[in-house]
Amino acid sequence: MKICVVGHQDAEQEKVLSLLRTRGSEIVVGDNKRLPLADVYFCAAITKPLKTVSRGIVVLDLRDGIPTSASDAIYADICLVHNEANRLLLIEEYKCEPGRVFVTANEHKALEIIDSGIQDTLSPAPVVPSNNRVKIMDIQTPELAIAQMRGQLKAIEQQADVMLHNYQVHSGVPVIGVFIAWLRRNLTSHLREPYIDPTLKRQVAFNTQMAQALQELLSMQADLLEKIEQLERVISAEHYGRE
Amino acid sequence: MRFLHVSHQYPPAIGGAEKYIADLSEALVARGHHVDVFTTRAKDYHTWRSELPPVDQQNGVSVYRFTSFRRGTMTWRILHFGLRNYWRTRSSRYEPFIFWGGGPNSVGMAWAMWRQAKQYDLVHLNCLVYTHVAYGYWIAKKLGLPVVITPHAHIEQEQTYNIGFQRMALLGADHVIAVTTAERDRFLEIGVNPWQVSVTGNGLNLSEYQHDMDTASARQKLGLPQDAFIMLFLGRKVHYKGWHLALEAFVSLRRQYPQLHFLAVGPETDESAQLWTKYRHMPGIHVMGKVSESEKLAALQACDCLVLPSVGEAFGIVFLEAWLMGKPVIGLRTKAVASLVQHGYDGLLAEPGNLADLATTLAYLVTHPKLACQMGERGRQKVLQHYTTEHIAAKTEAIYSQTLRRHWRKNYREKAG
């Protein structure tokens, strides 16, 4: 395997390279202007020629830290970082694909990743689905939350009566349709009248009470928030008064 | 490097997918690549009527346009017949109906690809819902070229990405570019290899949004009151864009907030024209049809917030446009929009199908103008940091390089046995 090392190498990268040397890999050095043909391009920063290299695999080793020029990390096939915080930084801030950023502190593991990367047998790093991700910056103001909850409760109240009052058993069959409908009504009435209808009525009563209880809780919550705000105003006025 | 972009339409045809591929092509040319575009001569996907010139040069991009079969009433019926029965049976025998009915069916474009695509390093197919992606994919694969697809899929509408031939192209492409994380997650669910899907987003060409108007002069230009709170709807007034929901939310709030005005900008439809006649006497409604770019900028500058309660957005580039002007946005909590708009941070989200929630959300912005300004400013920073054409071009260039390397590795392994 021919390895092209691009740019400055730190201690972490030197360890990987010495492992590669012991395995008999040929190591050549590339610079900012020229890249020799190789199977693996190993670097600590993406240079201009690396952005358009169309063979092999580009491995960006950022285990020594995330530089300010890390926005070019998107060009690498694989990024190696030292810890989960740096991985998150690369993904959230520099928009790297989560599957391409691997956390590894150990050179043997790094070598394994490179080996399976060139064979395309590497499993991508775990991708957290966007809807499961915790949004750190999500700001939900209390008034908005309450106002939105009121809207939702209104919709729940409107849906509390789940019974289909206008439903009538009927049949589309001509002439004997009336008889079929009568038969169906009578065949199901022993279930509907003593069991299904009372159960549904109880459910409707429960839904309505629940919606009312939630409405009252929400009003209490809104009152509490208002009182907290008033208290905060009083405390801050007293605080500034003392100063 | 030499890239071939294949799209159903290209500007001056209007649309998000058209703008995406045009901005991308031009930005890649500016980065020193050679980009040619194969597209149809149509500028209206309802008819695929050939009306644009066959050859065109736009900011360094050579655009070759080909004639396609017209889509008339019969073709639409064929499409609806195919779609209706396909979802009922999931049978591949209805796919030819969808294929033909969807279009654009351009023999010339297919032939030109077959003859000339070999001279390019990579083929990028734009907008999966249309048929050109299916035959473009097939030809590129036959020629052994790496294929990148940007599907612009509406996640809630499966017919935009999950018909048999669309799925085949998605799963077989060397790389798939999703515009939102929600779209990426959906592609992973249907089996796209995680190595072969990336999220780039959409981007704005900042030079197109430079103007010297402030809010007061924009309002003066459009004849809007200076002291009003203006909610803007910007887009085609088709049902799925939810313009009628924005109108209903406005109507429900107007009595409570008399300073609230509704500005609806975008091409009219029969449905919208009918509704305007119903509300023409209501104060506070301002309607504009299709407008020029400068009028669009004025509308964005004049408004206090953008309301786009659309249920069918692949991305929602209009959110970016509003943010760039420093305006907060209100959308519906659909998967695609929720992965772009951060609720309470740079905009607000309402529950789909819940008009009361939309009205509450709007009322919140009306009563909290300071917070609304903060949200707009945060949105602006977000656009400048992640959603400019330059960012999208850099990400796409990176994806092209990764795809070419992966393609090389695959060929190398095959040759080595």
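From first to last, the protein sequence lines stand for chains L and G. Residues 5 to 247, numbered by this note's numbering, are exactly what the first sequence covers, in order. Residues 3 to 419, numbered by this note's numbering, are exactly what the second sequence covers, in order. Where a beta carbon is used, it is the ideal one built from N, C-alpha and C, also for glycine. Treat the numbers as computed from the prediction; the structure is a model and nothing was measured.
Ranked by Cα distance from G/Val39, the options G/Phe99, G/Trp278, G/Cys307 and G/Asn128 are led by G/Asn128. If you keep only unbroken alpha helix (DSSP H) runs of at least 4 residues inside the stretch 114 to 202 of chain G, you get 134 to 144, 166 to 174 and 183 to 191.
Here G/Phe83 is not bridged, per DSSP, to any residue.
Contact with chain G is absent for L/Ala215, since none of that chain's Cβ atoms lies less than 8 Å from the residue's Cβ. Put simply, the CB of L/Val57 is near chain G, with a gap under 8 Å to one of its CB atoms. Taken in chain order, the complete beta strand (DSSP E) segments of 3 residues or longer contained in the stretch 307 to 351 of chain G are 307 to 310 and 331 to 334.
In the DSSP annotation of this structure, G/His36 is not part of any alpha helix (DSSP H); the continuous beta strand (DSSP E) holding it starts and ends at His36 to Thr42. The C-beta distance from G/Tyr122 to G/Arg4 rounds to 5 Å, short enough to fall under 8 Å. Secondary structure of G/Val368 (DSSP, three-state): helix. Residue burial is scored here from C-beta neighbours: G/Gly17 has at least 16 other C-beta atoms within 10 angstroms and is therefore classed as buried.
In this structure G/Phe231 is not in contact with G/Leu249, their Cβ atoms being roughly 16 Å apart against a cut-off of 8 Å. Residues are counted here when their Cβ sits less than 8 Å from a Cβ of chain G; for the stretch 150 to 162 of chain L these are Ala151, Gln152, Arg154, Gly155, Gln156, Lys158 and Ala159, given in chain order. Counted as a single uninterrupted DSSP element, the stretch harbouring G/His246 is not any beta strand (DSSP E) but the alpha helix (DSSP H) occupying residues Trp245 to Arg256.
Per the C-alpha coordinates, the member of L/Gly69, L/Ala49 and L/Ile70 positioned closest to L/Val63 is L/Ala49. Residue contact check for L/Gly60 against chain G: a CB pair falls below 8 Å. Shown here, G/Glu295 sits in a helix according to DSSP, grouped into three states.
It is roughly 24 Å from the alpha-carbon of L/Glu16 to the alpha-carbon of L/Val57. Here L/Asp119 carries a helix assignment [DSSP, helix/strand/coil]. Neighbours of L/Lys99 across chain G, judged by C-beta separation under 9 Å: Val201, Thr202, Gly203, His388, His393 and Lys397. Under the criterion of beta carbons closer than 8 Å, G/Met170 and G/Ile141 do not qualify as touching, at roughly 14 Å. Judged by beta-carbon spacing, G/Ile151 lies within the 8 Å limit of G/Ala175, meaning their Cβ atoms are closer than that value. Judged by DSSP secondary structure, L/Val179 falls outside any beta strand (DSSP E); it is assigned neither H nor E. With contacts defined by Cβ atoms closer than 8 Å, G/Gly110 and G/Tyr132 do not form a contacting pair. Measuring C-alpha to C-alpha distances from L/Asp43 to each of L/Ser120, L/Leu148 and L/Asn36 identifies L/Ser120 as the nearest. With respect to L/Ala164, L/Val208 sits close: the two C-beta atoms are nearer than 8 Å. Excluding sequence positions up to five before and after L/Leu126, its CB lies within less than 7 Å of the CB of Ile117 and Ser120, all in the same chain and listed in chain order. In the DSSP assignment, G/Gln60 is bridged to G/Val63. Taking 9 Å as the Cβ-Cβ cut-off, the stretch 149 to 162 of chain G has no residue approaching chain L. Along the stretch 27 to 46 of chain L, there is no position whose C-beta sits under 7 Å from a C-beta of chain G. Following the DSSP letters along the chain, one finds G/His7 inside the beta strand (DSSP E) bounded by residues Arg4 to Ser9. C-alpha of L/Leu21 to C-alpha of L/Val107: approximately 18 Å in a straight line. Within its own chain, the residues whose Cβ lies closer than 8 Å to the Cβ of L/Glu88, once the five positions on either side in sequence are excluded, are Val107, listed in chain order. Contacts with chain G (Cβ-Cβ distance below 7 Å) from the stretch 99 to 130 of chain L involve Lys99, Glu101, Gly103, Ile122, Asp124 and Pro128, listed in chain order. Close to chain G, meaning a Cβ-Cβ distance shorter than 7 Å, are the following residues of the stretch 64 to 89 of chain L: Ile78, Tyr79 and Asp81.
Linking L/Leu66 to G/Gln198 through their CA atoms gives a straight-line distance of about 23 Å.
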